[in-house]
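Under the working numbering, read the sequence shown as residues 5 to 181, first letter to last.
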Amino acid sequence: MVSKRHRRLGTAALTAATLLTMTSCSDGKNYSVPEDICGVPVERDLLDNLLPPGDHSSQNEENYGIGERLYSCKLRIDSTAIIVTRGKWHDESKTSLQVAHEERYSHAEQRSGDSFASWPGGVVNISKCRNDKKKAEYYSVLTTVREADQKDFEKKADVFARDLTEKLIAKQPCEKG
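Set out below in structure tokens:
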């Protein structure tokens, strides 16, 4: 049997822990930072730096279009899409810059010797990835990160989006030969 004194101590400890937890959320994030985005492991510290305050996070992904040649994954905080990734199978060779322009990111730039085209808050990469079922030879991934109010956002978003984009391409069912 638990004495009243022990119950009061337990209640006091629980209250203190709750207050400590509430005050440690000074960044306004009342949700847990995900360990992955649509099944792809991500660096939580880097992701945490890109996410805004909010009450909850959710993710959804889907394959769609004729022959399911298109892919979409969204990470939302409350009801706002913060990180959006779109994959697309291509039957012909293109550069990352061409893909960015087709997706209406006309201000994208491709740096010399870099397989990515990028712009503030987004990147696109395309890789040879033959898939007979999709009738495709290449796969592109475009990732955008909605701007948060913070220092060095562009650099952090670029590093995060490049990492996620490479992992999503590596996850695709490419055929040898």
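Idealized CB from N, CA, C, for every residue including glycine.
Asked: Nearest candidate by alpha-carbon position, reference Gly125, set Ser97, Tyr109, Ser83 and Asp59; Found: Tyr109
Asked: Inter-residue Cα distance where the pair is Lys138 and Trp93; Found: 7 Å
Asked: Sequence-distant residues of its chain with Cβ nearer than 7 Å to Ala161 (five each side left out); Found: Leu54, Gly125 and Val149
Asked: Cβ shell of Trp123 (< 6 Å), same chain only, five flanking positions each side left out; Found: Tyr109, His111 and Ala112
Asked: Buried or exposed by the 16-neighbour rule on C-beta atoms within 10 Å, applied to Ser100; Found: buried
Asked: Span of the beta strand (DSSP E) around Thr89; Found: Thr84 to His94
Asked: Residue closest to Glu96, alpha-carbon to alpha-carbon, out of His60, Ala140 and Val88; Found: Ala140
Asked: Identity of the residue in Asp82, Val127 and Glu66 nearest Tyr75 by Cα; Found: Glu66
Asked: DSSP state of Arg166 mapped onto helix, strand, coil; Found: helix
Asked: Three-state secondary structure (DSSP) of Ala161; Found: helix
Asked: Pro177 versus Gly91: straight-line alpha-carbon distance, rounded; Found: 13 Å
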